[in-house]
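Notes follow once the structure below has been shown.
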Amino acid sequence: MFRTLAALVHEGRLLTYDLVDPFAPVLVWESTRLGENVRGLVVSETNAYLVVDGKLQIWDVLNGELLSSLDADAQEAAILGGQLYLIRSKILQVESLAVVDISKPTAPNKLCEIDEFPQAVARSNHWRASLLSS
């Protein structure tokens, strides 16, 4: 059976809702409080990716299982293909961009981290990730 699911963070907890009837969402599961600083939630297929207190956490949103975690200090995240892009910034200045291979969600692998950018990029107030596929 096909299900429409929504994952969201509320008061530091990860929640998954079944939206088969959008007028009557059903809570599928809810985590305990994940941490103090929960950021950068993105969802791909049945997995949720979020940064909690400086660690990337990968959750199975169907059953609420924590699949893996990896050191990753970031505020924003984006997914393109089998890669997760994590952005860390401070006062609207990009500090780093990390690329993580998530083709195996139980074993994420940080491929690289870039921490030097031209001044125009580093000082841009439009630092939100936009990824293009060619």
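Take the sequence shown: its position 2, counted from the start at 1, is 74 in the working numbering, and no numbers get skipped. Glycine included, every Cβ here is placed at the ideal spot set by N, Cα and C. Since the model is a prediction, treat every value here as computed from it, not as a measurement.
Name, in chain order, the residues that DSSP records as bridge partners for Asp132. To locate residue 132, count along the sequence shown from 1; it is residue 60. DSSP output for Asp132 lists Asn119 and Glu137 as bridge partner(s).
Write down the C-beta distance between Ala170 and Leu152 rounded to the nearest angstrom, noting that I regard them as a contact closer than 8 Å. Numbered from 1 along the sequence shown, position 98 holds the residue referred to as residue 170. Numbered from 1 along the sequence shown, position 80 holds the residue referred to as residue 152. Not quite, the Cβ-Cβ distance comes to about 14 Å (not below 8 Å), so this is no contact.
Other residues of its chain near Leu139: CB distance less than 8 Å, five sequence neighbours each side excluded: For the purposes of this step, residue 139 is identified with residue 67 of the sequence shown, where counting begins at 1. Once the five neighbours on either side are set aside, the close Cβ partners of Leu139 are Asn119, Ile130, Trp131, Asp132, Pro177 and Thr178.
Within a Cβ cutoff of 8 Å, which residues of the same chain sit near Glu83, ignoring the five residues on either side of it in sequence? Within the sequence shown, the letter at position 11 stands for residue 83. These residues qualify, in order along the chain: Arg105.
Heavy atom of the ligand FAD less than 6 Å from the Cβ of Pro97, yes or no? The ligand FAD is not part of the structure shown, which contains no ligands of any sort.
Taking the beta carbon of Ala96 as the centre, do at least 16 other beta carbons fall within 10 Å, making it buried, or is it exposed? Looking up residue 96 in the sequence shown gives position 24. Ala96 comes out exposed.
Between Leu113 and the rest of its own chain, which residues show a CB-CB distance below 6 Å, the 5 nearest in sequence each way excluded? Counting from one through the sequence shown, the residue named residue 113 turns up at place 41. Val81 and Leu122.
From Glu188, Ser116 and Ala78, residue whose alpha carbon lies closest to that of Ile174: In the sequence shown, the residue the question calls residue 174 occupies position 102. Of the candidates Glu188, Ser116 and Ala78, the one whose C-alpha sits nearest the C-alpha of Ile174 is Ser116.
Measure the alpha-carbon distance for Glu102 versus Glu137 and round it to whole angstroms. As a first step, residue 102 must be located in the sequence shown, where it is residue number 30. As a first step, residue 137 must be located in the sequence shown, where it is residue number 65. Rounded to the nearest angstrom, the two C-alpha atoms are 11 Å apart.
Under the three-state reduction of DSSP, which class applies to Gly126: helix, strand or coil? Position 54 of the sequence shown, counted from the start, is the residue given in the question as residue 126. Looking at Gly126 - three-state DSSP - the assignment turns out to be coil, as it is neither helix nor strand.
Can you tell me the Cα-Cα spacing of Val98 and Asp187, whole angstroms? For this step, residue 98 is matched to residue 26 along the sequence shown. For this step, residue 187 is matched to residue 115 along the sequence shown. One C-alpha to the other measures close to 42 Å.
Looking at the structure shown, is Gly112 part of a helix, part of a strand, or coil, going by DSSP? For this step, residue 112 is matched to residue 40 along the sequence shown. Strand.
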